[in-house]
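All you need for our numbering is the position in the sequence shown, starting with 1, plus 39.
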Amino acid sequence: MRNINIFIAGAKDLIHIREVIKAMVLDMNHSLGSRGYDISLRACSYENFRNNQEEYNNYICNVADLVIFILEDKIGPYTRDEYILAVNNEKICGHPSKLVFLKKYKEVTPEISYINGLMANDDYYIEYEDESDLRYKVRTHIDNFINASQLAKQR
Numbered sequence: 040m041r042n043i044n045i046f047i048a049g050a051k052d053l054i055h056i057r058e059v060i061k062a063m064v065l066d067m068n069h070s071l072g073s074r075g076y077d078i079s080l081r082a083c084s085y086e087n088f089r090n091n092q093e094e095y096n097n098y099i100c101n102v103a104d105l106v107i108f109i110l111e112d113k114i115g116p117y118t119r120d121e122y123i124l125a126v127n128n129e130k131i132c133g134h135p136s137k138l139v140f141l142k143k144y145k146e147v148t149p150e151i152s153y154i155n156g157l158m159a160n161d162d163y164y165i166e167y168e169d170e171s172d173l174r175y176k177v178r179t180h181i182d183n184f185i186n187a188s189q190l191a192k193q194r
């Protein structure tokens, strides 16, 4: 069985959202077998590493296949550093892939401008309306990631 390791990054105060995404990933595992996939999803976040930044930086660089960034109205310095680490590691090593989800905003604040500037050359983010919309979009993108990895495996 192949494991797909997912790290969920975001501000400490988004613990509820990270837990919702982790629970959704566990639920996805149940449906993968019935769809004929020999894959197990493993999701973790900083809470799984005793709040040790060095340990989860190592996980992002050496273990994670996918890093999911959950942002609301800003990106804090630790999440920013994790994003930059993932971007640089992907350029050098080919992994991890990244998904960035940003809660839909009404106006471009300096914090939103900073996020736009940070991702200008590397990525784009996926806007979400609320928790339900976020769950749906994360699930859809993880499914797309699984399908792409299955196609790559067949080549």
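Even glycine gets a Cβ: it sits at the ideal position worked out from N, Cα and C.
Remark: three or more beta-carbon pairs, one from each stretch, lie closer than 8 Å, so the stretch 144 to 157 and the stretch 113 to 133 are flagged as touching. Assigned with DSSP and collapsed to three states, S84 falls in coil, not helix or strand. Shown here, K137 sits in a strand according to DSSP, grouped into three states. Nearest Cα to D52 within the set I131, K113, N128, I181: K113. The beta carbon of S79 sits closer than 8 Å to the beta carbons of M40, R41, N42, I43, N68, L71 from its chain, once the five residues preceding and following it are set aside; these are given in chain order.
Unbroken beta strand (DSSP E) runs of no fewer than 3 residues, entirely contained in the stretch 40 to 97, are found at 41 to 49, 78 to 83, following chain order. Per the coordinates, the alpha-carbon of Y163 lies some 32 Å from the alpha-carbon of S73. Within the same chain, and ignoring the five residues on either side of D161 in sequence, the residues whose Cβ sits closer than 6 Å to its Cβ are V126. Between E150 and G115, the alpha-carbon positions lie close to 9 Å from each other. Annotation for Y76: I185, Q189 place their beta carbon closer than 8 Å to its own, counting only its chain and skipping 5 residues before and after. Within the DSSP bridge table, the entry for L173 names no partner. Note on R57: 16 or more other CB atoms within 10 angstroms of its CB, so buried under the neighbour-count rule. When DSSP states are grouped into helix, strand and coil, Y153 belongs to the helix group. Taking all protein chains in view, the Cβ of S84 is crowded by 16 or more other Cβ atoms within 10 Å, so the residue is classified as buried.
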